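K.L.:
2 protein chains.
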Amino acid sequence: MKISDRMSNLKPSAIREILKTSIGTDIIAFSAGNPSADLFPSKELAKIAEELFEKDAAMALQYSVTEGYDPLRNQMKERMEKKYNISMEGNELIIVSGGQQGIDLAAKCVVNDGDVVVCEDPSFIGALNTFRSYNARLVGVPMDDEGMDIDKLEEVLKTEKNVKVIYTIPTFQNPMGVTLSMERRRRMYELAVKYDVLILEDSPYFELTYSGEVVPPIKTLDKTGHVLFAGSFSKIISPGIRVGFVIGPQELVSKMVVAKQGEDVHTNLFFMMAVSRYLERYDLDKHIEECRDVYRAKKDKMIECMEKYFDKRVSFTRPNGGLFIWCTLPEGCSGVELCEYTKDKKVSIVPGMAFTVAEKDCNAFRLNFSVPSMEQIEKGIALLGEAIDEYLKAKNL
Amino acid sequence: MKISDRMSNLKPSAIREILKTSIGTDIIAFSAGNPSADLFPSKELAKIAEELFEKDAAMALQYSVTEGYDPLRNQMKERMEKKYNISMEGNELIIVSGGQQGIDLAAKCVVNDGDVVVCEDPSFIGALNTFRSYNARLVGVPMDDEGMDIDKLEEVLKTEKNVKVIYTIPTFQNPMGVTLSMERRRRMYELAVKYDVLILEDSPYFELTYSGEVVPPIKTLDKTGHVLFAGSFSKIISPGIRVGFVIGPQELVSKMVVAKQGEDVHTNLFFMMAVSRYLERYDLDKHIEECRDVYRAKKDKMIECMEKYFDKRVSFTRPNGGLFIWCTLPEGCSGVELCEYTKDKKVSIVPGMAFTVAEKDCNAFRLNFSVPSMEQIEKGIALLGEAIDEYLKAKNL
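Read top to bottom, the protein sequences are chains A and B. Take the first sequence: its position 205, counting from 1, is numbered 204 in numbering that gives the first Met the number 0, and each next residue is one higher. Take the second sequence: its position 11, counting from 1, is numbered 10 in numbering that gives the first Met the number 0, and each next residue is one higher.
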């Protein structure tokens with residue numbers, strides 16, 4: 000039995016493999032990408048579930064339509080229109096099985112074998128592997144504190160043939176935590192129109208702003224159907240339920256419905272209904288405010304500890320939201336090598352290599368602050384500081 | 000924006016579009032593919048859900064591993080090994096988001112552009128569209144009362160190049176309701192080995208036997224890793240939860256895990272845990288026995304009514320299980336034309352065209368007996384008989 004060409008060279012995501020080994024009660028995990036389980040609105044969902052089973056089981060447990068549960072679609076259309084200024088004119092919103100499925104369906108519907116997907120470098124490996132699974136060729140664009148370097152993006156669009164997608168996580172990027180500035184969003188959109196390329200705006204963290212101004216989604220600029228916005232309930236309600244949504248040009252989204260029909264028929268209806276009722280009866284914005292308060296405190300604590308415990312030659316981003324901080328070691332260092340030292344300290348991090356387009360080692364690593372407790376942050380960052388000191392010493396730096 | 004080649008010619012499944020229009024309180028629907036909502040074990044699931052929210056919400060609502068919830072995988076391995084004689088040696092079992100995802104992941108991991116997928120003709124359109132979405136070329140093999148014609152299958156395997164998959168629903172086939180005989184299963188497996196082709200054994204109905212002998216899964220014959228078995232909880236617990244499983248050769252299944260990671264990260268964990276607890280605490284076999292009793296009675300009733308109300312020139316299959324009966328009108332008739340007459344009678348059926356590989360009209364249609372009540376069956380089949388009479392009269396037959 001031969002594996003298909005598209006899948007034969009694809010390996011499991013390095014992070015997910017690392018995650019498997021970093022689950023242990025005595026390990027302080029900064030390697031996760033999870034939201035904090037303390038923040039799941041489980042009491043509210045329990046009440047809703049009870050009622051769904053009592054009154055609506057015949058519907059909630061039955062097959063449904065591929066586009067998703069209509070009331071939820073309408074609630075999200077209204078929310079995204081009113082609160083985030085994303086116009087639904089010429090656009091459609093469907094429910095997908097987590098933001099990841101939005102990326103997958105978009106790739107399936109837009110990318111032919113050998114087409115180019117331009118992405119941030121580093122970027123979210125889960126998305127990069129999805130593009131690879133449709134035989135896309137990835138071209139990475141470097142990042143700085145304001146996100147993707149747009150001059151470099153323009154160069155790529157000028158020189159590469161068959162570019163079909165610009166994949167970006169513009170807000171609190173994974174893994175770097177940085178946000179694409181408004182000025183760059185405008186330029187990115189203009190380039191997408193000029194070169195007729197789809198911007199796939201992957202935005203699972205956009206509701207998690209802790210400080211600074213809220214930068215509007217790129218999708219708010221879209222008058223020409225060049226932006227597909229992928230959102231998720233994973234970071235504000237629960238990731239285990241696998242419910243997300245996409246908003247994009249009607250023609251593309253209706254093809255994505257056909258693709259989704261072949262992938263999983265529809266997203267699990269019980270939780271589409273549960274999320275809909277949650278939005279109806281509870282104040283999502285108030286809940287998000289609580290998440291923000293908890294995560295802001297953790298992020299501030301982590302930054303404070305990093306300033307206290309890290310060698311001054313280690314630089315790091317100072318995100319205004321999201322779940323991640325990106326740390327850069329001095330030149331000549333290796334994130335992978337550092338992991339040997341952090342392992343001894345029972346602290347887990349993700350080496351930068353896991354996020355680079357070329358899958359090459361680099362002198363950076365990613366930290367997550369949403370999962371560890373305040374105490375674990377203090378203790379773990381101190382241990383990580385020691386590991387860094389030992390590593391730098393061993394490198395004669 | 001250009002839609003990718005693989006998706007540009009793909010249309011939504013005709014049945015799903017028909018289903019959308021056949022939902023109405025005054026219509027008797029024989030067009031569904033749903034299990035009966037009366038049979039969902041919703042009280043049991045409600046109890047389990049309550050407990051999951053109370054004690055295990057932090058886990059059940061969090062991210063999980065792509066392979067699926069381990070206890071459920073182990074329970075299903077044991078069940079399929081002990082009860083259905085499927086050896087796990089050299090095989091792996093993973094949880095997928097409904098049987099449909101099993102088909103999708105298999106296609107993605109095995110089929111290259113232009114490769115051939117051999118399938119029964121007629122067959123389940125949802126699967127055929129999935130193969131098309133990976134640029135497979137479909138070659139249909141005719142059916143009779145014992146399932147796929149194996150001589151014709153051999154001819155195809157001899158003459159076609161790059162055949163990668165034999166797609167079969169061997170037990171209570173959709174749409175025909177027929178079962179592939181044991182003798183033919185053996186021959187199909189031998190051919191798969193000889194030509195090194197994967198048998199994708201799609202078996203969502205295999206636990207729903209109402210009469211006759213249970214024919215063992217093709218997978219029980221597999222000593223060489225040429226069979227992938229796709230199963231589902233959709234027809235015995237609930238389809239809305241989107242939980243299924245596949246069993247297949249380790250190398251293939253581990254690639255399917257990588258593909259699944261890119262599609263939806265994992266199946267919704269809450270219901271994987273719920274199904275696991277259901278299996279642990281309740282007697283699934285007893286529940287299946289109840290489903291069988293209800294469906295057997297409905298099937299018998301439908302056959303009885305068909306014998307009473309249908310023109311004698313209409314022939315039909317007499318399934319030993321599953322959800323469907325396949326009816327054939329006299330030569331020269333059209334399933335699509337008949338629908339004009341059934342519409343007036345407020346009865347919905349699915350014309351055979353929706354299942355043929357060439358998507359051409361034919362003189363057949365599919366009936367579902369799991370959804371309508373006994374009363375609806377009596378009334379609806381009588382109305383359908385009238386519609387057939389009127390149609391045959393209009394055709395001067």
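Cβ atoms here follow ideal geometry from the backbone N, Cα and C, with glycine treated the same way. Keep in mind it's a predicted model, so treat the numbers as computed, not measured.
1. How far does the alpha helix (DSSP H) with K307(B) in it extend, from its first residue to its last?
2. Cα-Cα, which of P174(A), K151(A) and M175(A) is closest to I165(A)?
3. What separation, rounded to the nearest whole angstrom, lies between the Cα atoms of L71(B) and Q172(B)?
4. Could you list the residues in the segment 232-243 of chain A with a C-beta less than 7 Å from some C-beta on chain B, going in chain order?
5. Within a Cβ cutoff of 8 Å, which residues of the same chain sit near G67(B), ignoring the five residues on either side of it in sequence?
6. Around the Cβ of R185(A), are there at least 16 other Cβ atoms within 10 angstroms (buried) or fewer (exposed)?
7. Only counting the same chain, and skipping five residues up and downstream in sequence, which positions put a Cβ closer than 6 Å to that of L322(A)?
8. Can you give me the C-alpha to C-alpha distance between P318(A) and I302(A), rounded to a whole angstrom?
9. If you follow the beta strand (DSSP E) that A353(B) is part of, which residue opens it and which one closes it?
10. Under 8 Å between beta-carbons, which chain B residues line up against M6(A)? List them in chain order, please.
11. Can you say whether K297(B) is buried or exposed, counting buried as having 16 or more other CB atoms within 10 angstroms of its CB?
12. Along chain A, which residues have their Cβ under 9 Å away from the Cβ of N367(B)?
13. Compare the C-beta of K311(B) with all C-beta atoms of chain A and state if any pair is closer than 8 Å.
14. What in chain B is Cβ-close to K10(A), meaning under 9 Å?
15. I376(B): which of I26(B), R291(B) and F228(B) sits nearest, CA to CA?
16. DSSP three-state call for Y194(A): helix, strand or coil?
17. Given that N267(B) touches chain A, what residues does it touch there, using C-beta distances under 7 Å?
18. Can you name the start and end residues of the alpha helix (DSSP H) that S231(B) belongs to?
19. Give me the Cα-Cα distance between E358(A) and M352(A), rounded to the nearest whole angstrom.
20. Does any heavy atom of the ligand HEM sit closer than 7 Å to the C-beta of L197(B)?
21. On the three-state DSSP scale, how would you describe N464(A)?
22. Is the CB of T129(A) under 8 Å away from at least one CB in chain B?
23. So the candidates are E336(B), E200(B), G384(B) and F29(B); which of them puts its Cα closest to the Cα of P371(B)?
24. For a contact defined as C-beta to C-beta under 8 Å, what are the partners of M0(B) on chain A?
25. Under three-state DSSP, which class holds T129(B)?
26. Just how far apart, CA to CA, sit C290(A) and Y209(A)?
27. Give me the chain A residues within the contact set of L71(B), using Cβ-Cβ distance strictly less than 8 Å, ordered along the chain.
28. For chain B, is any of its Cβ atoms less than 8 Å away from the one on L137(A)?
29. Within the 8 Å Cβ cut-off, does F39(A) reach chain B?
30. Check E119(B) in the structure and name its three-state DSSP category.
31. Would a C-beta distance cut-off of 8 Å place P169(B) and T178(B) closer than the cut-off?
32. Roughly how many whole angstroms lie between the Cα atoms of T24(B) and G384(B)?
33. How would you list, in chain order, the residues of chain A whose beta-carbon sits under 7 Å from the beta-carbon of E374(B)?
34. Quick check on R365(A): does DSSP put it in helix, strand or coil?
35. Can the beta-carbon of A258(A) be found less than 8 Å from the beta-carbon of S132(B)?
36. In or out: V115(A) buried (at least 16 other Cβ within 10 Å) or exposed?
P.N.:
The relevant details are as follows:
1. L283 to Y308
2. K151(A)
3. 27 Å
4. S237, P238, G239, I240 and R241
5. I93, I94, V95, F244, H265, T266 and M271
6. exposed
7. N367 and S369
8. 10 Å
9. Here A353(B) belongs to no beta strand (DSSP E), and DSSP marks it neither H nor E.
10. K107, C108, K254, V257 and A258
11. buried
12. Ordered by position in chain A, no residue passes the 9 Å Cβ test against N367(B), which lies about 12 Å from the chain.
13. no
14. V257
15. I26(B)
16. coil
17. G239, I240, R241, N267 and F270
18. Segment V226 to S231 is the beta strand (DSSP E) holding S231(B); no alpha helix (DSSP H) there.
19. 5 Å
20. Looking at this structure, you won't find the ligand HEM or any other ligand, since it has none at all.
21. Chain A is shown only over 0 to 396; residue 464(A) falls outside these bounds and no answer can be derived.
22. yes
23. F29(B)
24. V109, D195, L197, G224, H225, P248, E250 and L251
25. helix
26. 9 Å
27. Those do not exist, as L71(B) stays about 14 Å from chain A at its closest Cβ, beyond 8 Å.
28. no
29. yes
30. strand
31. yes
32. 21 Å
33. Near E374(B) there are no residues of chain A at all, since even the closest Cβ is about 18 Å away, more than 7 Å.
34. strand
35. yes
36. buried
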